[in-house]
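Protein chains in written order, with the numbering used here: chain A, 375 to 842; chain B, 375 to 842. All C-beta atoms, glycine included, are put in the ideal place defined by N, C-alpha and C. This one's a predicted model, so the numbers in the text were calculated from it and none came from an experiment. Okay, structure first, notes after.
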């Protein structure tokens with residue numbers, strides 16, 4: 375017996391176990407201290423594909439490149455424009471959150487938001503007429519992601535809605551996102567009553583132009599710098615945006631109050647923006663979109679570049695497989711409900727806002743935002759554990775986005791399909807919950823993960839593209 | 375031998391030790407697991423007084439009453455006024471931080487701030503002339519605390535300076551604090567150059583009146599509600615006021631932009647306020663002063679109602695002993711320095727801002743603000759441990775001020791002289807550091823505690839007043 379092995383047996387055993395509990399339990403019965411390692415077998419049926427992808431000689435360098443690009447991408451707010459101008463959105467085309475979906479397969483809140491947008495554009499006079507046109511295929515539906523942008527919840531964008539325009543000079547990319555409507559009965563949660571349409575009209579006629587003048591006079595605004603700070607101020611950038619919204623307001627206010635708009639309009643725009651604790655969400659999302667855009671299309675990379683939901687399907691896209699969507703049925707979040715709403719009122723997971731998790735904040739940064747558990751459920755140890763767990767399925771740590779309570783460790787960034795498949799540990803998302811029935815609005819907020827199918831489909835496609 | 379004792383000896387010993395290490399070390403040498411309890415003997419020479427005070431039958435109820443009042447006290451910003459109007463401050467009287475001090479015993483930054491205030495009031499034409507008058511006793515010096523208010527750092531207040539006025543309707547008390555000048559070369563850190571005096575003039579002529587109009591139009595502003603929120607946003611309210619300052623700005627801005635002041639003045643007031651991350655400190659301090667005022671003068675209570683420093687002495691006052699100051703030589707903070715400054719440049723501890731710790735935030739709430747360690751030194755585990763340690767020397771937990779990372783536990787509130795004397799655990803204060811030499815300004819920020827003498831003197835006085 376060699377010396378090291380003799381040494382091993384001469385002392386008391388130190389045992390770490392993984393997988394089935396049988397061996398660990400037997401040792402514990404004999405009073406041997408055991409450390410459990412959290413190990414699970416790979417997702418069922420993925421073993422061969424996983425082996426092929428893990429053996430791809432391009433993988434490690436490609437993933438390092440993907441995360442290097444994601445964390446180097448800038449995100450500067452440069453303008454505010456109507457969608458018709460910003461992305462040449464045509465009358466009769468409606469963008470939406472998540473992977474492609476048809477009217478037939480669309481969920482209640484997605485249908486409600488589409489109806490509202492059709493009414494806003496004056497393409498129907500009543501909700502019933504709008505539904506008829508939509509059901510007859512009179513309009514084109516297209517994901518926001520296919521136009522390089524993102525929309526929270528239903529994410530419905532029509533030509534007359536205004537959008538923030540963000541730029542990443544390092545990689546030469548643009549992105550955009552709609553303006554935030556506030557909470558409650560709002561289009562993005564599927565409400566389309568008169569107050570929703572009136573608010574959207576006011577946002578188009580008053581708020582948008584004031585924000586445009588403000589950004590043009592005080593901008594460009596570095597959105598990444600705000601994200602970095604908000605993570606030190608109890609926000610995680612998906613469902614907690616309090617500090618971010620205040621910092622954005624501080625940046626834009628000097629420009630808002632010096633526009634040539636009537637004083638009452640300015641006062642209302644300031645009041646509306648200041649009262650909205652998610653004012654910043656619609657800037658954080660396109661900032662993360664710019665990060666993930668920069669990481670797209672790297673041959674051999676298994677890093678996730680999109681996670682998005684349309685209320686029916688959850689879809690992911692992966693750097694090494696380009697524009698292909700890998701979808702599965704969206705899970706329904708579990709969490710806390712507003713007023714009298716309950717679990718039976720909740721629609722399955724919806725929105726492009728999981729771009730925040732894809733970019734390394736949101737659910738992945740929950741340890742930075744312990745107070746969020748009062749909004750999405752769980753407790754403080756859960757929030758800390760969520761971020762710690764996500765280091766197991768990500769490629770890197772974000773150099774700018776740090777979590778103070780973890781000793782300023784960078785947030786986990788670059789979700790790795792191979793790591794998710796190998797461990798079965800799905801990305802942690804926290805999210806708003808829309809009412810199942812069109813027209814309801816928000817019913818709560820909670821915690822959710824993507825369906826496994828997204829990742830098993832992705833690993834299969836990555837295996838087909840793998841270099842042997 | 376009785377049954378319980380037989381049981382004790384039948385099993386393996388479980389040992390907790392306190393005090394000297396000898397016994398614990400001997401057990402460890404015999405491989406017996408030992409848990410150390412953090413116990414120290416009482417502060418030297420206090421045993422008899424401590425016993426007398428602990429035996430005072432009024433103590434427990436009096437302390438419960440003190441903390442009940444502290445945590446029930448309101449703090450509503452109701453007005454902004456010149457000190458001459460708000461507190462009838464007379465020309466030739468200068469208020470200052472901490473316990474009473476004479477010019478002869480005043481430190482560099484206190485002297486510098488007094489010189490600046492004399493220049494501002496036009497009572498001298500040069501710094502030399504101002505010093506001569508001050509040395510000759512031409513002016514009256516009085517603590518801010520004696521007029522029911524507080525001032526950060528040197529805390530010098532003269533009649534033409536403007537102050538925030540806060541009100542606690544529950545106990546019928548008012549409090550006040552000067553306006554914050556921003557960082558760097560500022561009067562409160564002992565600088566008195568022309569830019570300091572010019573800024574103070576502008577604050578009196580432009581900023582004060584704009585803030586007055588704003589508060590009168592949008593106020594009253596609930597300062598306690600802001601403190602409660604900022605603790606969930608990474609601030610502890612003494613040296614980290616980022617979120618608090620943004621929330622205050624959001625409250626006041628609608629009122630600031632609609633004043634009748636010239637647009638350029640409004641824009642400059644908004645810019646000045648928005649750029650100041652300690653804008654809120656001067657509201658948090660008088661809010662804590664109102665809390666501690668409510669707890670003053672309860673016979674038998676050993677709860678600390680004031681901790682304040684003048685740069686030479688640290689002084690405390692205690693509920694059960696009324697207006698009496700118990701002082702000792704101020705310690706010099708240890709921490710991080712700006713630019714080329716080092717420990718030899720730091721003045722001993724100065725300012726009324728330790729009212730935040732007295733009211734249950736600041737250093738006592740450091741666990742809520744892990745990012746503060748980048749500013750005052752220490753590391754994240756230290757910040758968590760500081761708050762945990764403070765539960766040992768406080769009477770209660772604040773129902774409104776909560777620490778998310780500790781599972782929303784209330785901050786430790788109501789520093790108990792008997793607990794400090796019994797454990798030797800001194801209140802944790804974090805603080806700005808002024809330059810030792812008059813005219814320097816801020817040199818850094820760090821951590822400090824009161825000198826033990828404050829507490830040994832207080833326990834002696836409490837013992838003399840104790841009921842047997």
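Other residues of its chain near residue i: CB distance less than 8 Å, five sequence neighbours each side excluded
| i | result |
| --- | --- |
| residue 779 of chain B | 741, 742, 744 and 758 |
| residue 452 of chain B | 539, 540, 541, 589, 593 and 594 |
| residue 705 of chain B | 688, 722, 723, 822, 823, 824 and 825 |
| residue 692 of chain B | 675, 676, 677, 678, 679, 698, 700, 791, 832, 835 and 836 |
| residue 580 of chain B | 635, 639, 642 and 643 |
| residue 841 of chain A | 430, 431, 432 and 674 |
Residue of the options minimising C-alpha distance to residue i
| i | options | result |
| --- | --- | --- |
| residue 485 of chain A | A:413, A:499 and A:506 | A:506 |
| residue 694 of chain B | B:414, B:729 and B:440 | B:440 |
| residue 676 of chain B | B:578, B:621, B:782 and B:830 | B:830 |
| residue 784 of chain B | B:466, B:828, B:610 and B:712 | B:610 |
| residue 599 of chain A | A:625, A:576, A:578 and A:577 | A:625 |
| residue 407 of chain B | B:413, B:414, B:415 and B:398 | B:398 |
| residue 801 of chain A | A:500, A:565, A:450 and A:731 | A:731 |
| residue 702 of chain B | B:683, B:747 and B:646 | B:683 |
| residue 710 of chain A | A:753, A:798 and A:545 | A:753 |
| residue 671 of chain A | A:403, A:750, A:437 and A:460 | A:437 |
| residue 819 of chain B | B:735, B:789 and B:708 | B:708 |
| residue 520 of chain B | B:828, B:756, B:715 and B:696 | B:696 |
| residue 568 of chain A | A:554, A:499 and A:547 | A:499 |
| residue 465 of chain A | A:814, A:419, A:472 and A:493 | A:493 |
| residue 514 of chain A | A:468, A:537, A:555 and A:554 | A:468 |
Run of the alpha helix (DSSP H) containing residue i, from where it starts to where it stops
| i | result |
| --- | --- |
| residue 740 of chain B | Where residue 740 of chain B is concerned, there is no enclosing alpha helix (DSSP H), given that its DSSP letter is neither H nor E. |
| residue 829 of chain A | 826–839 |
| residue 786 of chain B | Taken as a continuous stretch (DSSP letters only), residue 786 of chain B belongs to no alpha helix (DSSP H), being part of the beta strand (DSSP E) at 783–789. |
| residue 437 of chain B | 433–446 |
| residue 507 of chain B | 501–509 |
| residue 812 of chain B | Element bounds for residue 812 of chain B: n/a, residue is neither H nor E. |
| residue 674 of chain A | Residue 674 of chain A -> no alpha helix (DSSP H), and no H or E assigned at all. |
| residue 399 of chain B | 396–403 |
Bridge-paired residues (DSSP) for residue i
| i | result |
| --- | --- |
| residue 708 of chain A | A:821 |
| residue 390 of chain B | B:409 |
| residue 470 of chain B | B:517 |
7 Å Cβ shell around residue i - same chain, five flanking residues per side excluded
| i | result |
| --- | --- |
| residue 375 of chain A | For residue 375 of chain A, the predicted structure reports a pLDDT of 45, less than 50, and the residue's modelled location is therefore unreliable. A value from the coordinates is still provided. Closer than 7 Å at the Cβ level, and outside the excluded window around residue 375 of chain A, lies no residue. |
| residue 570 of chain A | 490, 559, 560 and 561 |
| residue 799 of chain A | 763, 766 and 767 |
| residue 428 of chain B | 792 |
| residue 401 of chain A | 389 and 408 |
Residue interval of the beta strand (DSSP E) (run including residue i)
| i | result |
| --- | --- |
| residue 683 of chain B | 678–684 |
| residue 552 of chain A | 547–552 |
| residue 776 of chain B | 768–777 |
| residue 455 of chain B | 450–456 |
| residue 536 of chain B | 536–542 |
| residue 701 of chain A | 700–703 |
Close beta carbons around residue i, own chain, < 6 Å, minus the five adjacent residues each side
| i | result |
| --- | --- |
| residue 535 of chain A | 457 and 552 |
| residue 812 of chain B | 482, 485, 486 and 564 |
| residue 614 of chain A | 743 and 746 |
| residue 786 of chain A | 738, 764, 765 and 768 |
| residue 760 of chain B | 740 and 802 |
Contact test: residue i Cβ vs the ligand PLP heavy atom, cutoff 8 Å
| i | result |
| --- | --- |
| residue 438 of chain B | The ligand PLP is absent from the structure shown, which contains no ligand whatsoever. |
Note down, in chain order, all residues in the stretch 591–617 of chain B with a beta-carbon under 7 Å from any beta-carbon belonging to chain A. 606, 607, 608, 616 and 617
Between the stretch 621–632 of chain A and chain B, which residues of the former have a C-beta closer than 8 Å to a C-beta of the latter? 621, 623, 624, 627, 628, 631 and 632
For the stretch 640–667 of chain B, enumerate the residues whose C-beta is nearer than 7 Å to any C-beta of chain A, in chain order. 641, 644, 645 and 648
Chain B contacts from the stretch 717–748 of chain A (Cβ-Cβ distance under 7 Å): 744 and 745
Please identify, using Cβ separations under 8 Å, the residues of the stretch 821–833 of chain B that lie next to chain A, in order along the chain. none
Would you list, in chain order, the members of the stretch 417–443 of chain A that have their beta-carbon closer than 8 Å to a beta-carbon of chain B? none
For the stretch 561–590 of chain A, which residues have a CB atom closer than 7 Å to at least one CB atom of chain B, in sequence order? none
The stretch 390–406 of chain B: which residues have C-beta closer than 7 Å to a C-beta of chain A, in chain order? none
Please list, in chain order, the residues of the stretch 770–791 of chain B that have any C-beta partner in chain A closer than 7 Å. 778, 779 and 781
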